[in-house]
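>
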Amino acid sequence: MSLDTQENRPLRRRLRPLVLVLVCCFGLAACAETEFLVHTAKQLKDGGESSGPIGRYKVGSPYQIKGQWYYPAENYEYTETGIASWYGPNFHGKKTANGEIYNQNDLTAAHRTLPMPSAVRVTNLENGRSIVLRINDRGPFARGRIIDVSRRGAQLLGFERNGTAKVRVNIMVDESRQLKVAALNGERQVQVAASPREAVVSQPLPASGSPAGNPPAQTEPPKPSREARTESLPPARAPVLTKEVDVLPVSPTGIYVQAGAFSNLENALRMRDRLYTMGPTQISRFAAAGSEIYRVRIGPLDNVKIADVTLNQVVDAGVSEAQLVVE
5 MSLDTQENRP LRRRLRPLVL VLVCCFGLAA CAETEFLVHT AKQLKDGGES SGPIGRYKVG
65 SPYQIKGQWY YPAENYEYTE TGIASWYGPN FHGKKTANGE IYNQNDLTAA HRTLPMPSAV
125 RVTNLENGRS IVLRINDRGP FARGRIIDVS RRGAQLLGFE RNGTAKVRVN IMVDESRQLK
185 VAALNGERQV QVAASPREAV VSQPLPASGS PAGNPPAQTE PPKPSREART ESLPPARAPV
245 LTKEVDVLPV SPTGIYVQAG AFSNLENALR MRDRLYTMGP TQISRFAAAG SEIYRVRIGP
305 LDNVKIADVT LNQVVDAGVS EAQLVVE
């Protein structure tokens, strides 16, 4: 036994460097494979959730907020006055309704019914400041608001500190149509780029334990069709929306709670009698589509806080579709 050990010692000394080299090689290979898997997983994690700079085009189905129904639709004649609010830190970094990642420092906004993306001009009726915002989310969810702007939008419009402002919102027709085309083309390009364009050729492996002879002749894969290339689609370029702040003339405006609009005067009178204890109630008449309409409103009210309280009183009285208007 002792003799056998002495005879094997030189052999062991010669084999020891070889064993160390093999161990290092396996270790490096394992490290390289681990690094590759981690890098691949990070790429999938970082790139798998991206929806593009303008998100996907979305109109959406009717939905309900606090008992009131809203009907999203393309409306290139949209204009409305009312109260704006803003949202930021609690939603920063989260997904919007059309798949974008919300950034409170971008010039964007949430709207209840306009398509996403759309472009709107928002004018602060209290100071005349006016900017262009891109609609990329649904909201606001608070009663008595017509639009939720980003924090940056509120800063430029001058109501970040107050939290709300009387505004006018107008759809920008050409820019909104261009945003729609860009978003739809972007979706098509993603779908085309995600599908393989070349055939995958399989080759048999040599049987286990048999020598690997000459590799089998490879069949050249068919060339991709020119018609199937992503480049054949129109470029998905969104219009460049202005970031300038315009200052427009300011005219006096008031806040009202509009309880309803009626084609029958008797119905308007009955509504007025229900609400007169909540504030100065009036009936105004205007023509629409060749007929007379009678609006029942409470106001003007001194500020947004009083208007919110009055609106809640009217809703609690059973007028669920009452809203705040600015005029």
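Heads up: the sequence shown runs through residues 5 to 331, numbered per this note's numbering. Even glycine gets a Cβ: it sits at the ideal position worked out from N, Cα and C.
1) Quick check: is any heavy atom of the ligand MG less than 7 Å from the C-beta of T314?
2) Return yes when the Cβ of V261 is within less than 8 Å of the Cβ of N328, no when it is not.
3) Quick one: what's K170 bridged to in DSSP?
4) Just to confirm my understanding: we take L305, look at its own chain, exclude 5 residues before and 5 after, and list those with CB closer than 8 Å. What are they?
5) Would you mind listing the beta strand (DSSP E) stretches within the segment 133–185 that are 3+ residues and don't spill past its ends, in chain order?
6) How do the segment 291–301 and the segment 109–120 stand: do at least 3 beta-carbon pairs fall below 8 Å, yes or no?
7) State the Cα-Cα distance for the pair N189 and E78, rounded to the nearest angstrom.
8) Thinking C-alpha only, which one of Y67, Q68, L161, V318 is nearest M275?
9) Give me, in chain order, the residues of the same chain whose beta-carbon lies closer than 7 Å to that of A272; leave out the 5 immediate sequence neighbours on both sides.
10) Could you check how far apart the C-beta atoms of R172 and V251 are, in whole angstroms? I think they sit under 8 Å.
11) Taking DSSP's pairing of strands, which residues face A114 in a bridge?
12) Alpha carbon to alpha carbon, how far is N128 from V372? Give it in angstroms, no decimals.
13) Closest by CA to A158, which one among N307, Q108, A146, R181?
14) So who's on the other strand from R289, going by DSSP bridges?
15) So, under 8 Å CB-CB, W90 and E164 are touching, yes? Tell me the CB distance rounded to an integer number of Å.
16) According to the Cβ coordinates, are I139 and S122 closer than 8 Å?
17) Going by beta carbon distance, what residues of the same chain come within less than 6 Å of A198, once the five residues before and after it are set aside?
18) Alpha carbon to alpha carbon, what distance is there between Y74 and L111?
19) Select from V63, L137, S154, D277 the residue whose C-alpha is nearest the C-alpha of H96.
20) With a CB to CB cut of under 6 Å and the five nearest residues on each side skipped, what residues in its chain are close to D141?
21) Looking at the unbroken alpha helix (DSSP H) that takes in I310, where does it start and where does it end?
22) Would you check if the distance between the CB atom of I302 and the CB atom of T281 is smaller than 8 Å?
23) Reducing DSSP to helix, strand and coil, say where N271 ends up.
24) Any idea if Y67 is buried or exposed, counting beta-carbon neighbours within 10 angstroms, 16 or more meaning buried?
25) Return the chain-ordered list of same chain residues with a C-beta closer than 6 Å to the C-beta of K170, the five sequence neighbours on each side being excluded.
Straight from the coordinates:
1) In the structure on display, the ligand MG does not appear, and there are no ligands present to speak of.
2) Residue numbering aside, residue 328 sits at position 324 when the sequence shown is read from its first letter. Residue numbering aside, residue 261 sits at position 257 when the sequence shown is read from its first letter. Contrary to the premise, residue 328 reads as Leu rather than Asn in this sequence. Going by beta carbons, L328 and V261 fall inside the 8 Å limit.
3) Here the question's residue 170 lines up with position 166 in the sequence shown. Partner(s): I87.
4) Looking up residue 305 in the sequence shown gives position 301. Cβ neighbours of L305 beyond the five flanking positions: G258, I259, Y260, V261, G283, A311, T314.
5) 133–141, 151–154, 168–175
6) no
7) Against the sequence shown, residue 189 aligns to sequence position 185. Against the sequence shown, residue 78 aligns to sequence position 74. Going from the Cα of N189 to the Cα of E78 covers about 18 Å.
8) By one-based count along the sequence shown, residue 275 stands at place 271. Checked all of Y67, Q68, L161, V318; the closest Cα to M275 is V318.
9) Residue 272 sits at position 268 when you count from the first residue of the sequence shown. Here the set comprises F266, I287, Y298, V300.
10) Reading the sequence shown from its first residue, position 168 is the one you call residue 172. Reading the sequence shown from its first residue, position 247 is the one you call residue 251. Contact doesn't hold; Cβ gap of about 14 Å is too wide.
11) Working through the sequence shown from its first residue, we reach residue 114 at position 110. Its beta-bridge partners are D141, D152.
12) Past the edges of the chain, shown from 5 to 331, lies residue 372, and the structure says nothing about it.
13) The residue labelled residue 158 in the question sits at position 154 within the sequence shown. Comparing Cα-Cα distances from A158 to each of N307, Q108, A146, R181, the minimum goes to Q108.
14) In the sequence shown, the residue the question calls residue 289 occupies position 285. Answer is Y298, bridged to R289.
15) Locating residue 90 in the sequence shown gives position 86, where the first residue counts as 1. Locating residue 164 in the sequence shown gives position 160, where the first residue counts as 1. So it is a contact: roughly 7 Å between Cβ atoms.
16) Indexing the sequence shown from 1 puts residue 139 at position 135. Indexing the sequence shown from 1 puts residue 122 at position 118. In this structure, I139 lies near S122, with their beta-carbon atoms less than 8 Å apart.
17) Against the sequence shown, residue 198 aligns to sequence position 194. Only weak support exists for where A198 lies, its pLDDT of 49 falling under 50; the value from the coordinates is given anyway. Sequence-distant Cβ neighbours of A198 in its own chain, meaning closer than 6 Å and more than five residues away, do not exist here.
18) Within the sequence shown, residue 111 is the residue found at index 107, counting from 1. Within the sequence shown, residue 74 is the residue found at index 70, counting from 1. One alpha carbon belongs to L111, the other to Y74, and they sit about 24 Å apart.
19) Counting from 1 along the sequence shown, the entry for residue 96 is found at position 92. Measuring from the Cα of H96, the nearest candidate turns out to be S154.
20) Against the sequence shown, residue 141 aligns to sequence position 137. Correct list, in chain order: T100, A101, A114.
21) The residue you call residue 310 lines up with position 306 of the sequence shown. Run containing I310: 308–320, per the alpha helix (DSSP H) assignment.
22) The sequence position of residue 302 within the sequence shown is 298, counting from 1. The sequence position of residue 281 within the sequence shown is 277, counting from 1. Result no, Cβ atoms of I302 and T281 do not sit closer than 8 Å.
23) Here residue 271 refers to the residue found at position 267 when the sequence shown is read from its first residue. Residue state, collapsed to three classes: helix.
24) Here the question's residue 67 lines up with position 63 in the sequence shown. Exposed is the call here.
25) Position 166 of the sequence shown, counted from the start, is the residue given in the question as residue 170. Leaving aside the five residues that flank K170 on each side, the residues in its chain whose CB is nearer than 6 Å to its CB run, in chain order, L129, E130, T257, V330.
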